[in-house]
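Line order of the protein sequences matches chains A and B.
Counted from 1, the first sequence has number 74 at position 19 by this note's numbering; the numbering is strictly sequential.
Counted from 1, the second sequence has number 62 at position 50 by this note's numbering; the numbering is strictly sequential.
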Amino acid sequence: GAGVSQSPSNKVTEKGKDVELRCDPISGHTALYWYRQSLGQGLEFLIYFQGNSAPDKSGLPSDRFSAERTGGSVSTLTIQRTQQEDSAVYLCASSLGRVPNQPQHFGDGTRLSIL
Amino acid sequence: TQLLEQSPQFLSIQEGENLTVYCNSSSVFSSLQWYRQEPGEGPVLLVTVVTGGEVKKLKRLTFQFGDARKDSSLHITAAQPGDTGLYLCAGAYSGGSNYKLTFGKGTLLTVNP
């Protein structure tokens, strides 16, 4: 498909387990974002990748969260030793980047539930 | 911490009514975007405004950017059930990174037939 693809769409896991979320951005988009959306809250910025530049990790809430982007395309967000407060929808977006005001194209998210 | 306040948080109206959603901050935006999000899907961009006082129209939706670029509004005329969804404003703050957006908590709109 032509849009941003995220997998899995739903993930249920036990507290303390590690989880890995995947994002396939739109082909040709150099910028990739991860956000977290909790119930009743807006989107919380987590991390931003732009081409080969060092990522902006300023939104990661703790050192249990990490993200990679391999080959400037696919990205994975990893949460180690999950806690119940990590339950949320994790959204990925991509854009053309480097040009101001570019629209961000979002995937449908991964709904993460920590038991 | 820069905050972006949206109001109202919830809005339930009848088909055919008009409504306005507000987005406010104490800081100046270099640009502001409005998104609509439906259940189980990601947000979809509706419009970007960059100039103070700018007005943009998208069919029955009218977007206005405040003269001082600190606030914005979304007005829907003759709302339809298909307008139901979560409306999010997101701003890039002047003097900050133009790629980093701060999102409001959203306005959940329900249009009843």
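Yeah, the Cβ is synthetic: ideal placement off N, Cα and C, and Gly gets one too.
Asked                                                                                                                                                                  : Found
Any Cβ of chain A within less than 9 Å of the Cβ of SER105(B)?                                                                                                         : First, the amino acid is wrong: residue 105(B) is Tyr here, not Ser. No, TYR105(B) does not count as interfacial toward chain A.
Answer with yes or no whether the minimum CB distance from ALA80(B) to chain A is below 9 Å.                                                                           : no
For ARG119(A), which residues from the same chain have a beta carbon less than 7 Å from its beta carbon, with the 5 sequence-adjacent residues on both sides left out? : ILE134, GLN135 and ARG136
To the nearest angstrom, how far is it from the Cα of TRP89(A) to the Cα of VAL123(B)?                                                                                 : 31 Å
Could you spell out where the beta strand (DSSP E) holding ASP171(A) opens and where it closes?                                                                        : Any question about residue 171(A) goes unanswered here, given that chain A covers just 56 to 170.
Mark ALA148(A) as exposed unless 16 or more other C-beta atoms lie within 10 angstroms of its C-beta, in which case mark it buried.                                    : buried
How many angstroms separate the CA atom of GLY83(A) from the CA atom of LEU151(A)?                                                                                     : 7 Å
Please say whether SER130(A) and THR68(A) have beta carbons closer to each other than 9 Å?                                                                             : no
Only counting the same chain, and skipping five residues up and downstream in sequence, which positions put a Cβ closer than 7 Å to that of SER142(A)?                 : LEU167, SER168 and ILE169
Mind checking whether HIS87(B) and ASN36(B) have CB atoms under 9 Å apart?                                                                                             : no
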